[in-house]
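Structure, as structure tokens:
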Amino acid sequence: MTDPISKRVTELKPSGIRKFFDIVNEMKDAISLGVGEPDFDTPWHIRDEGIYSLEKGRTFYTSNSGLRELRNEISKYVDSSQGVRYDPDKEVLITVGGSEAIDLACRALLDPGDEVIVPEPSYVSYIPCAVMAGGKPVVVNLKEKNEFRLQPEELIAAITPKTKLLVLPYPNNPTGAIMEEDDLRKLKDIIIKNDIYVISDEIYSELSYKEKHVSIVSLPGMKERTVYINGFSKAYAMTGWRLGYACAPANICSQMTKLHQFCIMCAPTTSQYAAIEALKHGAGDVEEMREAYNGRRRYLMHEFKEMGLKCFEPYGAFYVFPSISEYGMSSEEFCTELLKKKKVALVPGTAFGECGEGFVRISYAYSIDNLKTALGRIREFLEELKKTV
Numbered sequence: 011m012t013d014p015i016s017k018r019v020t021e022l023k024p025s026g027i028r029k030f031f032d033i034v035n036e037m038k039d040a041i042s043l044g045v046g047e048p049d050f051d052t053p054w055h056i057r058d059e060g061i062y063s064l065e066k067g068r069t070f071y072t073s074n075s076g077l078r079e080l081r082n083e084i085s086k087y088v089d090s091s092q093g094v095r096y097d098p099d100k101e102v103l104i105t106v107g108g109s110e111a112i113d114l115a116c117r118a119l120l121d122p123g124d125e126v127i128v129p130e131p132s133y134v135s136y137i138p139c140a141v142m143a144g145g146k147p148v149v150v151n152l153k154e155k156n157e158f159r160l161q162p163e164e165l166i167a168a169i170t171p172k173t174k175l176l177v178l179p180y181p182n183n184p185t186g187a188i189m190e191e192d193d194l195r196k197l198k199d200i201i202i203k204n205d206i207y208v209i210s211d212e213i214y215s216e217l218s219y220k221e222k223h224v225s226i227v228s229l230p231g232m233k234e235r236t237v238y239i240n241g242f243s244k245a246y247a248m249t250g251w252r253l254g255y256a257c258a259p260a261n262i263c264s265q266m267t268k269l270h271q272f273c274i275m276c277a278p279t280t281s282q283y284a285a286i287e288a289l290k291h292g293a294g295d296v297e298e299m300r301e302a303y304n305g306r307r308r309y310l311m312h313e314f315k316e317m318g319l320k321c322f323e324p325y326g327a328f329y330v331f332p333s334i335s336e337y338g339m340s341s342e343e344f345c346t347e348l349l350k351k352k353k354v355a356l357v358p359g360t361a362f363g364e365c366g367e368g369f370v371r372i373s374y375a376y377s378i379d380n381l382k383t384a385l386g387r388i389r390e391f392l393e394e395l396k397k398t399v
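Sequential numbering of the sequence shown, starting at 11, is according to my numbering.
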């Protein structure tokens with residue numbers, strides 16, 4: 011019998027993030043620091059708006075692009091935060107999470123053989139989405155000595171006549187790295203000169219601790235060639251609501267909307283009404299959560315220093331990416347042994363690209379009590395390893 015499964019699908023590697031999470035669910039007294047999900051509940055006023063929408067019977071389809079009021083609020087948000095105005099009727103699309111927006115952007119922009127530059131370590135979806143759209147991923151291995159920021163010379167070296175897209179994954183998952191305005195300006199002219207389009211995934215934009223986040227769409231000439239992706243999962247603790255959005259030039263947004271129309275129809279209506287409330291009245295909630303995450307970030311960095319665990323200081327998202335290379339174990343081995351001996355689940359750096367070898371991802375989107383307990387166990391584990399290295 012002919013194999014019914016697409017080779018393109020079978021050749022994709024499964025996500026390395028969920029493996030340890032699935033194991034820890036079956037392990038008594040284990041602590042997971044592996045999943046990037048806020049430990050905060052969605053703020054009550056946002057939940058209330060979702061509940062109210064159900065009470066009012068608002069269970070219908072919205073337009074394919076999403077509720078006009080929500081698109082208008084998104085347009086105002088991007089304008090106020092980045093100084094860039096998108097037409098809510100032609101340049102904004104509501105999606106099922108930021109991940110759908112990434113997928114739609116790849117499928118709308120790529121023809122078979124087009125090359126997509128993907129800086130790694132980075133979120134696990136970029137390469138699969140590029141491959142499923144017929145594109146060819148070209149990986150740039152980011153370096154800790156550069157704080158995992160994409161360097162101009164690294165971008166230039168990756169460009170070929172087939173280059174079509176660059177993924178900009180900042181603030182970054184898994185490293186917590188950011189790109190500041192000066193960093194982006196160094197890339198802008200290279201991008202424009204080589205006629206490259208950009209997917210800028212800014213889902214963690216509100217979780218930036220050094221200074222206000224700057225998007226590449228705010229730089230001259232970049233709105234016209236960028237798909238700006240954001241959402242509500244991280245900033246508003248709305249992961250399960252499954253709501254994201256894309257802002258893009260009208261000719262790109264219309265094609266993304268067409269694909270969205272065929273495979274999704276529209277994002278969840280209840281979630282859209284809740285998101286309107288989030289954008290209108292949720293700034294205080296975001297600030298409160300950001301301050302809490304920043305406190306946890308500083309706590310982890312202090313504890314790492316005390317236990318001798320090397321880690322560059324991240325200024326975005328809610329992840330740290332410490333180096334474990336001195337312990338003579340692969341990232342996979344380190345995480346496996348830590349889980350087996352101390353019941354703490356982390357994610358191997360290699361889940362985010364081969365250059366993640368020698369690192370592990372730790373999420374601090376967890377309560378300070380859980381972090382303290384987990385770090386105590388990690389300290390014990392490292393002390394035991396030092397006796398054997």
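Built from N, CA and C at the ideal position, the CB exists for glycine as well. Note that this is a predicted model, so its numbers are computed, not measured.
Output the distance between the C-alpha atoms of residue i and residue j, rounded to the nearest integer angstrom.
i           : j           : result
residue 136 : residue 302 : 29 Å
residue 269 : residue 117 : 8 Å
residue 291 : residue 220 : 24 Å
residue 311 : residue 163 : 30 Å
residue 346 : residue 16  : 32 Å
residue 25  : residue 201 : 30 Å
residue 307 : residue 12  : 52 Å
residue 38  : residue 44  : 16 Å
residue 267 : residue 261 : 10 Å
residue 170 : residue 393 : 47 Å
residue 335 : residue 183 : 20 Å
residue 388 : residue 248 : 30 Å
residue 157 : residue 318 : 19 Å
residue 384 : residue 14  : 45 Å
residue 64  : residue 283 : 10 Å
residue 21  : residue 138 : 10 Å
residue 79  : residue 289 : 11 Å
residue 91  : residue 294 : 15 Å
residue 168 : residue 134 : 20 Å
For residue i, which option in the options has the closest C-alpha, if you only look at C-alpha atoms?
i           : options               : result
residue 107 : 211, 22, 44 and 17    : 211
residue 326 : 222, 233 and 290      : 222
residue 281 : 58, 47 and 17         : 58
residue 179 : 166, 195 and 225      : 225
residue 362 : 98, 131 and 141       : 131
residue 378 : 175, 125 and 299      : 299
residue 253 : 14, 42 and 81         : 81
residue 185 : 384, 366, 387 and 395 : 366
residue 287 : 239, 77, 44 and 17    : 77
residue 398 : 354, 360, 242 and 339 : 339
residue 152 : 364, 370, 396 and 388 : 364
residue 23  : 390, 360 and 382      : 360
residue 203 : 216, 188, 166 and 191 : 166
residue 279 : 43, 193, 56 and 69    : 69
residue 271 : 63, 55, 27 and 74     : 74
residue 154 : 322, 315 and 197      : 322
residue 51  : 63, 243 and 216       : 243
residue 173 : 217, 196, 121 and 199 : 121
residue 235 : 217, 134, 259 and 251 : 259
residue 181 : 213, 199, 111 and 198 : 213
residue 227 : 218, 94 and 144       : 94
residue 276 : 351, 110, 148 and 218 : 110
residue 208 : 245, 241, 46 and 140  : 140
residue 316 : 368, 354 and 390      : 390
DSSP state of residue i, grouped into three classes?
i           : result
residue 274 : coil
residue 23  : coil
residue 141 : helix
residue 304 : helix
residue 309 : helix
residue 38  : coil
residue 156 : helix
residue 197 : helix
residue 112 : helix
residue 173 : strand
residue 163 : helix
residue 43  : coil
residue 323 : coil
residue 329 : strand
Kindly give me the distance between the Cβ atoms of residue i and residue j, rounded to whole angstroms, as I take these residues to be in contact under 8 Å.
i           : j           : result
residue 115 : residue 237 : 4 Å
residue 375 : residue 49  : 6 Å
residue 102 : residue 257 : 5 Å
residue 125 : residue 100 : No, residue 125 and residue 100 are not in contact; Cβ-Cβ is about 28 Å, not under 8 Å.
residue 206 : residue 229 : Their Cβ separation, rounded to whole angstroms, is 14 Å, which puts residue 206 and residue 229 out of contact at 8 Å.
residue 160 : residue 189 : 7 Å
residue 104 : residue 357 : Actually they do not touch by this definition, with Cβ atoms about 29 Å apart.
residue 71  : residue 85  : Contact doesn't hold; Cβ gap of about 22 Å is too wide.
Inset, instruction - Starting from the N-terminal side, write out each stretch of the beta strand (DSSP E) that is 3 residues or longer and does not extend beyond the segment 202-245. - result: The segment 202-245 contains these whole beta strand (DSSP E) runs: 207-211 and 236-241.
Inset, instruction - Give, in chain order, every unbroken run of the alpha helix (DSSP H) that is at least 4 residues long and sits entirely within the segment 246-295. - result: 260-273 and 279-291
Legend entry - Minimum length 3: unbroken beta strand (DSSP E) runs contained in the segment 333-391: 370-373
Inset, instruction - Please list the segments of the alpha helix (DSSP H) lying wholly inside the segment 49-108, counting only runs of 4 or more residues, in order along the chain. - result: 54-65 and 78-92
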